Structure formats: structure tokens, C-alpha cells
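Top to bottom, those sequences are chains Y and Z. Each residue of the first sequence is one higher than the one before, counting from 0 in numbering that gives the first Met the number 0. Each residue of the second sequence is one higher than the one before, counting from 0 in numbering that gives the first Met the number 0. The beta carbon of each residue, even a glycine, is placed where N, CA and C say it ideally should be. Values in this document were obtained by computation on a predicted structure and should not be read as measured data. Notes follow the structure.
2 protein chains.
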Amino acid sequence: MSKGKLFIISGPSGSGKDTVMSALFQRHPEIKLSISSITRPMRTGEVEGEKYHFISREEFESMIEHDQLLEHNVFVGNYYGTPKKPVIDCIESGSDMILEVDVNGAKQIKSKMPEAISIFIMPPSYKELERRLIGRGTDSMEVIEKRLSSALGEIARASEYDYVVTNDVVDRCVDDILHIILAQRLTFARQSNLIEEVLNKC
Amino acid sequence: MSKGKLFIISGPSGSGKDTVMSALFQRHPEIKLSISSITRPMRTGEVEGEKYHFISREEFESMIEHDQLLEHNVFVGNYYGTPKKPVIDCIESGSDMILEVDVNGAKQIKSKMPEAISIFIMPPSYKELERRLIGRGTDSMEVIEKRLSSALGEIARASEYDYVVTNDVVDRCVDDILHIILAQRLTFARQSNLIEEVLNKC
Numbered sequence: 000m001s002k003g004k005l006f007i008i009s010g011p012s013g014s015g016k017d018t019v020m021s022a023l024f025q026r027h028p029e030i031k032l033s034i035s036s037i038t039r040p041m042r043t044g045e046v047e048g049e050k051y052h053f054i055s056r057e058e059f060e061s062m063i064e065h066d067q068l069l070e071h072n073v074f075v076g077n078y079y080g081t082p083k084k085p086v087i088d089c090i091e092s093g094s095d096m097i098l099e100v101d102v103n104g105a106k107q108i109k110s111k112m113p114e115a116i117s118i119f120i121m122p123p124s125y126k127e128l129e130r131r132l133i134g135r136g137t138d139s140m141e142v143i144e145k146r147l148s149s150a151l152g153e154i155a156r157a158s159e160y161d162y163v164v165t166n167d168v169v170d171r172c173v174d175d176i177l178h179i180i181l182a183q184r185l186t187f188a189r190q191s192n193l194i195e196e197v198l199n200k201c
Numbered sequence: 000m001s002k003g004k005l006f007i008i009s010g011p012s013g014s015g016k017d018t019v020m021s022a023l024f025q026r027h028p029e030i031k032l033s034i035s036s037i038t039r040p041m042r043t044g045e046v047e048g049e050k051y052h053f054i055s056r057e058e059f060e061s062m063i064e065h066d067q068l069l070e071h072n073v074f075v076g077n078y079y080g081t082p083k084k085p086v087i088d089c090i091e092s093g094s095d096m097i098l099e100v101d102v103n104g105a106k107q108i109k110s111k112m113p114e115a116i117s118i119f120i121m122p123p124s125y126k127e128l129e130r131r132l133i134g135r136g137t138d139s140m141e142v143i144e145k146r147l148s149s150a151l152g153e154i155a156r157a158s159e160y161d162y163v164v165t166n167d168v169v170d171r172c173v174d175d176i177l178h179i180i181l182a183q184r185l186t187f188a189r190q191s192n193l194i195e196e197v198l199n200k201c
């Protein structure tokens, strides 16, 4: 049985990453999404194990200590991170897995699993990035400018990624991500069973 | 302007490579096909520069001497080979190029241009390979067995390729090759212009 592949996907605010990801999973439900472990309290409507595993600070710190995380981060006093074991188990079982993280998370994972393929989702232009960030209409100019500067900071680090896809039209962006994922299924390592079969005249 | 990419495509007798290639060029006419130089006489119906460049033995030997070929081979006393310059020019101009060669040609090219991406087209099973080779109905059992053993010899070297695609249904095989080619257009190197544009607020 050949192994699956880990794909790291990042996209700044305004890249439309969430819309792209849900369209991607709708078209290819066999691709698994990694679930983060976090220490912040559960919010109304959230379900344990759906988007996050809610664990205690002590559990999280023990995972850090025992090197059981692929990446982790602190945000507003809470820990966020990706447990290593479920990712390894998924890949070993032959499934492809996607991990949604920011540029810092992506860097941590690449250093631990260099064979992971990283994809950065870009807005199609600066004008469109600005339009999308303002477009929400609910935030103050200050908040928008902070988000814009953070987005540009992430885009400046797109060179750390293997692939860059542009989200102009959602379905076309999904097509592009699928080219990358499906091409990986065609590498020699993942096709060697077929070759064995033909050579053994099965 | 970002560079194009060179794709080496091989497929044994019975892989259906020719059908796959013409369907591929029909769907993506922007992809260029490399034209071989050969020393055998032109046959009726052949046109100079269409599938081959017909050159003299002396010209060919001078190209070998001056290292102007990416690969070459002798078949029934005639030289066959791929001139280096048109391939380099095509890639530098930003176009993708496909080179159709056998396993020996692929090996020579990979040693000179390790960045080229190689793809091997497989028949879907041993039974289907046999069926396709017998199916022509025009050859003796001896010729068929020779072709079958040569095909199995090539398949045994599929491990030298980056990717392996199966030609069960032609259009699906073309989709697979396109995943590989189109994914290469999304590598960071080929998207860096867009990133510059967004960062420079163009």
C-alpha cells in the first residue's frame, strides 16, 4: 500500500482561503483535513473534534515537551497546534491530508516533514486584496489596515512555499490545487504497485 | 518572464502513447513538441520539419562532436536525436515543451537536464498490453512476442521516471498528464512575477 501525502495550505486574509477550501473538500471528500488542538474555551455552536480538539493547557504543554506536535503557536494567551500522530497515521494509511496553517506554522512543519508539499493561496492583485478586506464593511479603517499589512507580510514570504495558486475565480483556484494534489498521486512511488502487477503478469 | 518546463514522455509499444499525445496537443496546443533530427531518407508523405528534420550523416556527427544533442541513438544504421538549442530556446521563451523518447533517450536527457520532468505511460494491465499488441492482427506471433518482451523491458525501467500515468481511458490519461504539466506552472518560480506585482501594489 503506498503512502498518502501531506499538503500544507496557507493564505492570508483576503485570499479567500476558506471558500476555496470548502469547495475543494466538496469536490474531493476523500482528502482529509487535519484537526488542530487548542486550549481556548469552546464557543457556542462549536463541537469537540469537528474543527478543533479542545484540550487543557497542561495536556498541550505535555505534548510540546514530548515533541508530539508538528507545529504550535500562542494566540491571545492560548495554545494552537497540530498533533503529529493523526497526521502520520493518515498518511501511512494511504490518504492525502491537508493542513491549514499560517506562514509560521508552515515553516515549522516543513522543517519536521520536508516531504510535505506547501501551497500558498494568493489574491489576484493588490487592488482586489484591498477590495476584499474593505468589502466586509464591518471593520474600522484601523482594523482593515492592520489586516492589509499582515496580509502583505505573509505574501512576502510566499517564496517559502513549493506552489503558489491565485484565487481569482474560486473553481479555477480549486482546479489548480487539485492539479498539485492529483499530480502527487502519479509519482513513481505511488504507482509502483501497478508496475509490479504488469511485470508479474497479474 | 518565467521559464517554461521540459517534459520527457515515454511509453512502450501497447501503451497507446501516440493516441494520448495527439489528444493532449489537441487540448493544449500551446505546448510545443520537440522535433527530432534523423539521417534516414525522407519517406513519401513526410515533410521536412513536420515530425523530423532530415539531415546528413556528416551534419549529425558534427552535432555529436560539438555536444549539440540532448540525446541520440542509432537505429538500423541511421542516427536519431534531439538537438539541444531549440529545446533550450523554447523553455527560455516561457513555453512548455514535450520530448517523446524511449527509456534510453530519457536517461540521456535526465543526465544533461536533471530539472526536466519525466513521465512514463503504462498500459493498465498485462492482459490489456497483450491484447493491444495482438489486436493489430497484422503481425506474426514472433513479431508480437518480440514487441511484448521489449515493452516489458521498458516497463521494468519505469522506476527511472518521476511520474507514471496509466492509459486505460485516453481522456483520463490526458487529464493525468495535464495535472503534472499544469502543476509545474504553479511552482513558486513561475508565480514570482505575480507576487512582486501584489507587493509593489500594481
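Straight-line CA distance for residue i to residue j?
| i | j | result |
| --- | --- | --- |
| Z:Lys221 | Z:Tyr160 | This structure leaves residue 221 of chain Z out entirely; chain Z is present only between 0 and 201. |
| Z:Ser110 | Y:Ile63 | 44 Å |
| Z:Val210 | Y:Thr81 | Look at the range of chain Z in this structure, 0 to 201, and you will see that residue 210 of chain Z is not part of it. |
| Y:Pro40 | Y:Phe53 | 7 Å |
| Z:Thr43 | Z:Lys50 | 13 Å |
| Y:Asp138 | Y:Glu129 | 13 Å |
| Y:Asp12 | Y:Ile116 | The sequence given here has Ser at residue 12 of chain Y, not Asp. So the alpha carbons of these two residues sit roughly 21 Å apart. |
| Y:Pro85 | Y:Ile34 | 9 Å |
| Y:Asp88 | Y:Glu99 | 18 Å |
| Z:Ser92 | Z:Gly48 | 20 Å |
| Y:Leu181 | Z:His178 | 6 Å |
| Z:Ile194 | Y:Ser9 | 15 Å |
| Z:Ser149 | Z:Thr165 | 18 Å |
| Y:Met112 | Y:Gln67 | 13 Å |
| Z:Arg171 | Y:His27 | 17 Å |
| Y:Val75 | Z:Cys201 | 34 Å |
| Z:Ile143 | Z:Glu114 | 36 Å |
| Y:Glu196 | Y:Ala155 | 47 Å |
| Z:Asn199 | Y:Tyr125 | 8 Å |
| Y:Ile7 | Y:His65 | 23 Å |
| Z:Gly136 | Z:Lys83 | 39 Å |
| Y:Glu141 | Z:Thr186 | 34 Å |
| Y:Glu45 | Y:Met20 | 19 Å |
What residues in its chain sit with their C-beta under 8 Å from that of residue i, if we drop five residues either side in the sequence?
| i | result |
| --- | --- |
| Y:Ile90 | Lys2, Gly3, Lys4, Leu5 and Met96 |
| Z:Ser191 | Ser1 |
| Y:Ala188 | Ser1 and Lys2 |
| Y:Ser94 | Gly3, Glu29, Ile30 and Lys31 |
| Z:Asp167 | Pro123 and Glu127 |
Using a Cβ cut-off of 9 Å, pull out every chain Z residue sitting near residue i, in sequence order please.
| i | result |
| --- | --- |
| Y:Val163 | Leu185, Thr186, Phe187, Arg189, Gln190, Ser191, Leu193 and Ile194 |
| Y:Tyr125 | Glu196, Val197, Leu198, Asn199, Lys200 and Cys201 |
Using a Cβ-Cβ distance cut-off of 8 Å, determine whether residue i contacts chain B.
| i | result |
| --- | --- |
| Z:Pro113 | No chain B appears in this structure, whose protein chains are Y and Z. |
Going along chain Y in order, which residues have a C-beta closer than 7 Å to the C-beta of residue i?
| i | result |
| --- | --- |
| Z:Leu151 | Leu198 |
| Z:Ala22 | Per Cβ cutoff of 7 Å: no residues; Z:Ala22 is ~17 Å from chain Y at best. |
| Z:Ala105 | Result: empty, since nearest Cβ-Cβ is about 13 Å, beyond 7 Å. |
Indicate, with yes or no, if the ligand ZN has a heavy atom lying under 7 Å from the CB of residue i.
| i | result |
| --- | --- |
| Y:Tyr125 | As for the ligand ZN, it is missing from this structure, which has no ligand bound. |
So, for residue i: in the same chain, excluding its five sequence neighbours on each side, which residues have a beta-carbon less than 6 Å away from its beta-carbon?
| i | result |
| --- | --- |
| Y:Gln107 | Glu70 |
| Y:Glu153 | Pro11 and Val102 |
Could you work out which residues of chain Y lie near residue i, taking near to mean beta carbons separated by less than 8 Å?
| i | result |
| --- | --- |
| Z:Pro122 | Val197 |
Residue i: which of the options sits nearest, CA to CA?
| i | options | result |
| --- | --- | --- |
| Y:Arg146 | Y:Arg131, Y:Ala157 and Y:Ala22 | Y:Arg131 |
| Z:Glu58 | Z:Val46, Z:Leu98, Z:Ile37 and Z:Phe74 | Z:Ile37 |
| Z:Tyr78 | Z:Glu60, Z:Gln67, Z:Asp66 and Z:His65 | Z:Glu60 |
| Y:Ala157 | Y:Met140, Y:Thr186, Y:Leu193 and Y:Ala105 | Y:Ala105 |
| Z:Ile120 | Z:Pro113, Z:Leu151, Z:Glu141 and Z:Val142 | Z:Leu151 |
| Z:Arg56 | Z:Val46, Z:Asn72 and Z:Glu45 | Z:Asn72 |
| Y:Ile118 | Z:Cys172, Z:Gly76 and Z:Arg184 | Z:Arg184 |
| Z:Ala22 | Z:Leu198, Z:Lys83, Z:Val173 and Z:Lys200 | Z:Val173 |
| Z:Phe24 | Z:Ile176, Z:Gly134, Z:Glu114 and Z:Glu144 | Z:Ile176 |
| Y:Ser14 | Y:His65, Y:Gly134 and Y:Val46 | Y:Gly134 |
Residues of chain Z with a CB under 8 Å from the CB of residue i: which are they?
| i | result |
| --- | --- |
| Y:Tyr160 | Phe187 |
| Y:Leu128 | Val197 |
Give the interface partners of residue i over in chain Z, defined as CB-CB distance under 7 Å, in chain order.
| i | result |
| --- | --- |
| Y:Ile154 | Ile194, Val197 and Leu198 |
Quick one: what's got a C-beta closer than 7 Å to residue i's C-beta in the same chain, skipping five residues either side?
| i | result |
| --- | --- |
| Z:Thr18 | Val169 |
Checklist entry - Taking a cut of 7 Å between CB atoms, which residues from the stretch 171–187 of chain Z lie near chain Y? => result Asp175, His178, Ile179, Leu181, Ala182, Leu185, Thr186 and Phe187
Checklist entry - Looking at chain Y, which residues of the stretch 85–98 of chain Z have a Cβ within less than 8 Å of any of its Cβ atoms? => result none
Checklist entry - Just by C-beta distance, which residues in the stretch 132–146 of chain Y are closer than 7 Å to chain Z? => result none
Item to check | chain Y contacts from the stretch 62–73 of chain Z (Cβ-Cβ distance under 9 Å) | outcome: none
Next on the checklist: Taking beta-carbon pairs under 7 Å, can you tell me which members of the stretch 5–17 of chain Y lie near chain Z?
Outcome noted: none
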